[in-house]
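Sequence positions in the sequence shown follow the numbering used here and run 4 to 363.
Glycine included, every Cβ here is placed at the ideal spot set by N, Cα and C.
Heads up: the structure comes next, in structure tokens.
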Amino acid sequence: MFQTIYITLLLVSFVLLCSQLWVRQKQPIHLLFAAFCGSIAIMAIKQLGGAELGFYQYVLGMGVCLTCNGYWLVARALFRQQQAIQLRHLLAAAAVALLIITLQALQLLQLFWPQSSPLINPARMVVQELLVLLSSSLMMLAFWEGCRGYRTAEAGERWQRQLFLGTYVAAITSGVVVAKIWQANTDVLLVREMMAAGAALAVLLVTQWLIYCRFHQQQTVVAAPDADTETTVEPAVLPFSSADQLLCDSINQLLFQQQLFLQSNLRLTDLARQLDVPEYRVSKLLRSQFHASNFNQFINTLRIEHAKKLLADPSKGHWPVVVVGLESGFASVGPFTRAFKTMVGFTPHEFRQTLTCKEH
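And the structure:
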């Protein structure tokens, strides 16, 4: 039974790794999940070989360096969608991977050089403590990714988060907590190893399902604006829920009451971060409820309307065009003039002159 479950884990992790590489339009989550599956596959090989592998078990152990740290990155990419992984996140994951490799290297060195034990043992203890501390922190952060934004999520996304959190908690409980309790009991060693393998298997399968559900839906929504008519967009929009209404109210509050569009270099990422929801939900509602073809054009429309009011205000007639553009949220006069002429048909200066002529 022990070998069966680890062989199953090896096969499933290898198949899932290959399936990520076959995805045509790869996103960061596919590459991160492939790396995580690779670490799980190496772990399964190491467990199947056991002590019979000799020093190779430590070489293989160096490959098992993207487990909790790799899954934390997967969780970020899963629930934060675009631009979820930045350099500091990669550095944190790399630090844990380096500790894992260092620990295996010290064990390998001790195997070939037993006389070095007085020096290696203290170093191993330090590395192990650091590894436990950082790994525990990343496991908690991965759990937080599932909780983050839960209250504002719609029903379908809440169900996905519940599935993620339930599987994750069950895996940590059976694979880590129970394993620590039974660690000193050699009679249940095989049971402990089987529980850990079963937990890893459940995490792999559930995560693959969530990747398919969430990113298949997102690709459908993103692809819709390329269609020839707007009638193809509406079927991709999910039924309007109470969570959608709350999110629409929040978008109204930020964009129209607080005039967030006046912030220069505003991106969809910035708006989604302030709303604490995935970007695709904001993008979907902007298209379906605010009739926006895309985010940048929608924001520029609001800015141009604001600029037209400033240009028409007699008390601001002395303002140069560049000041009007900056006050309307544009970073410089060039993009302001081009956007204004595209939408209004006149340059800002020409628009102001037409208003002056009408007054006279």
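Extent of the continuous alpha helix (DSSP H) to which residue i belongs
{"i": "V347", "result": "336–347"}
{"i": "N255", "result": "245–255"}
{"i": "L94", "result": "90–115"}
{"i": "L329", "result": "324–330"}
CB of residue i within 8 Å of CB of residue j, strictly
{"i": "C71", "j": "M142", "result": "yes"}
{"i": "L213", "j": "L358", "result": "no"}
{"i": "L134", "j": "L106", "result": "yes"}
{"i": "L250", "j": "L288", "result": "yes"}
{"i": "R306", "j": "F333", "result": "yes"}
{"i": "A342", "j": "N297", "result": "no"}
{"i": "V206", "j": "A174", "result": "yes"}
{"i": "L314", "j": "P338", "result": "no"}
{"i": "I43", "j": "A203", "result": "yes"}
{"i": "R161", "j": "G149", "result": "no"}
{"i": "W75", "j": "A96", "result": "yes"}
{"i": "R83", "j": "P317", "result": "no"}
{"i": "D279", "j": "R79", "result": "no"}
{"i": "F218", "j": "I32", "result": "yes"}
{"i": "A126", "j": "L109", "result": "yes"}
{"i": "G201", "j": "I45", "result": "no"}
{"i": "L114", "j": "F58", "result": "yes"}
{"i": "L335", "j": "H309", "result": "Note on identity: in this sequence residue 335 is Ser, with Leu being the wrong assignment. Not closer than 8 Å, so no."}
Three-state class that DSSP yields for residue i in the structure shown
{"i": "S291", "result": "helix"}
{"i": "S366", "result": "The question about residue 366 has no answer here: the residues shown for the chain are numbered 4 through 363."}
{"i": "Q30", "result": "coil"}
{"i": "W25", "result": "coil"}
{"i": "E353", "result": "helix"}
{"i": "R217", "result": "helix"}
{"i": "N268", "result": "coil"}
{"i": "N297", "result": "coil"}
{"i": "V280", "result": "coil"}
{"i": "A435", "result": "Any question about residue 435 goes unanswered here, given that the chain covers just 4 to 363."}
{"i": "F333", "result": "coil"}
{"i": "Q118", "result": "helix"}
{"i": "Q6", "result": "helix"}
{"i": "Q262", "result": "coil"}
Could you tell me which whole alpha helix (DSSP H) segments of length 4 or greater appear in the region 46–75? 59–66
Threshold first: 4 residues or longer. Then list the alpha helix (DSSP H) segments lying entirely within the region 131–169, N to C. none
Meets three-Cβ-pair contact criterion under 8 Å: the region 36–48 and the region 8–26: yes
Segment contact flag, the region 312–329 with the region 255–262, C-beta cutoff 8 Å, min 3 pairs: At 8 Å Cβ cutoff, the stretches do not touch.
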